[in-house]
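If you read the protein sequences in the order shown, they are chains V and A. 36 is the number of the first residue of the first sequence in this note's numbering; add one for each residue after it. 26 is the number of the first residue of the second sequence in this note's numbering; add one for each residue after it. Backbone N, C-alpha and C fix where the C-beta goes; we use that ideal spot for every residue, glycine too. Nothing here was measured: the structure is a model prediction, and the numbers come from that model. A short write-up of the structure that comes next.
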Amino acid sequence: GQNIDQPTEMTATEGAIVQINCTYQTSGFNGLFWYQQHAGEAPTFLSYNVLDGLEEKGRFSSFLSRSKGYSYLLLKELQMKDSASYLCAVTGAGGSYIPTFGRGTSLIVHP
Amino acid sequence: GAGVSQSPSNKVTEKGKDVELRCDPISGHTALYWYRQSLGQGLEFLIYFQGNSAPDKSGLPSDRFSAERTGGSVSTLTIQRTQQEDSAVYLCASSTTSGGAGETQYFGPGTRLLVL
Chain V
36 GQNIDQPTEM TATEGAIVQI NCTYQTSGFN GLFWYQQHAG EAPTFLSYNV LDGLEEKGRF
96 SSFLSRSKGY SYLLLKELQM KDSASYLCAV TGAGGSYIPT FGRGTSLIVH P
Chain A
26 GAGVSQSPSN KVTEKGKDVE LRCDPISGHT ALYWYRQSLG QGLEFLIYFQ GNSAPDKSGL
86 PSDRFSAERT GGSVSTLTIQ RTQQEDSAVY LCASSTTSGG AGETQYFGPG TRLLVL
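Shown next as structure tokens:
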């Protein structure tokens, strides 16, 4: 089967840096998505990594290591509005292009 | 331009009744996905439509679930004889795709289904 693991919940302080990890064990891999989902809202795209390394996009960066089956999302200069669930999704699992999602990490940012 | 829209936004029904959930994808998007999200759970894939190809129904949990996509645009997810465990948020997403793996999915706001 396909397995994607993320921590269930994390807390951090406004202005700090937080790293949300995602590990995957899948038969096949094309790339890895990160989505942000505020409570009661639709997920929105953050990043897509295909190659190893770090991709930076403003306050958010995403890292991928294909050999280790590992990714992380790095959020800098945290703001209260960053409180949300962060979903990791893998494409290519089982040879399918349909993204397979982890359970998501609920991030709580407090003052 | 308009994003993905879904209706109704909320639906309360009695166990055993049938429900229909609607999704209007972004115009021009050929790929359409249905997911289910239960409380505290990740997105569970249900069904995928790509152009005129036969849909990928591999995620449908039982034969009470079905979906169709008319004219390559609007999609309807039907749940027959609803059960309490069907209570969840049903999310629809669309993307432009040529069958590749990196197309961003644009999600609708979801339909919150509660089966009493």
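Pick from V:G139, V:I143 and V:V144 that is closest to N56 of chain V, judged by C-alpha positions
The residue among V:G139, V:I143 and V:V144 with its C-alpha nearest the C-alpha of N56 of chain V is V:G139.
Spatial neighbours of Y131 of chain A within its chain, please: CB distance less than 7 Å, with the 5 preceding and 5 following residues excluded, ordered by chain position.
Only residues of its own chain outside the window of five on either side were considered, and among them G28, V29, I51, A118, S119 and S120 have a CB closer than 7 Å to the CB of Y131 of chain A, listed in chain order.
Neighbour-count burial assignment, A77 of chain V, 16 or more Cβ in a 10 Å radius:
Classification for A77 of chain V: buried.
Tell me the DSSP bridge mates of H158 of chain V?
Residue 158 of chain V falls outside the range modelled here, since chain V spans only 36 to 146, and no answer is possible.
CB-CB length for I104 of chain A against R89 of chain A, believed under 8 Å
With a beta-carbon spacing of about 6 Å, I104 of chain A and R89 of chain A fall inside the 8 Å limit used to define contacts.
For Q108 of chain A, the nearest candidate out of A:S32, A:K36, A:E45 and A:K40 (CA to CA):
Taking only the C-alpha atoms, the option nearest Q108 of chain A is A:K40.
If you follow the beta strand (DSSP E) that G96 of chain A is in, where does it begin and where does it stop?
Careful: G96 of chain A lies outside any beta strand (DSSP E) and carries neither H nor E.
Since L113 of chain V contacts Q54 of chain V with CB under 8 Å, what's their CB separation in whole angstroms?
For L113 of chain V against Q54 of chain V, the beta-carbon gap comes to about 11 Å, at or over 8 Å, which does not count as contact.
With a threshold of 8 Å between beta carbons, is A77 of chain V in contact with chain A?
Using beta-carbon distances, A77 of chain V counts as an interface residue toward chain A, with a partner under 8 Å.
Looking at the secondary structure, which residues open and close the beta strand (DSSP E) in which Y132 of chain V lies?
Element bounds for Y132 of chain V: n/a, residue is neither H nor E.
If I'm right that G137 of chain V touches T61 of chain V with Cβ under 8 Å, what's the distance once you round it to whole angstroms?
Contact between G137 of chain V and T61 of chain V is absent: CB atoms are separated by about 11 Å, not below the 8 Å threshold.
Nearest chain V C-beta to Q66 of chain A closer than 8 Å, yes or no?
Answer yes: the Cβ-Cβ gap between Q66 of chain A and chain V drops below 8 Å somewhere.
Check the Cβ-Cβ distances between F98 of chain V and every residue of chain A, and say whether any is below 8 Å.
Closer than 8 Å: no.
Just to confirm before moving on: does the CB-CB distance between L68 of chain A and S112 of chain A stay below 8 Å?
Using a Cβ distance threshold of 8 Å, L68 of chain A and S112 of chain A do not count as a contacting pair.
Taking the continuous beta strand (DSSP E) assigned at K92 of chain V, which residues delimit it?
Its beta strand (DSSP E) spans residues G88 to K92.
Residue from A:N77, A:G65, A:D43 and A:C48 whose Cα sits closest to the Cα of Y58 of chain A
The candidate whose alpha carbon is nearest that of Y58 of chain A is A:C48.
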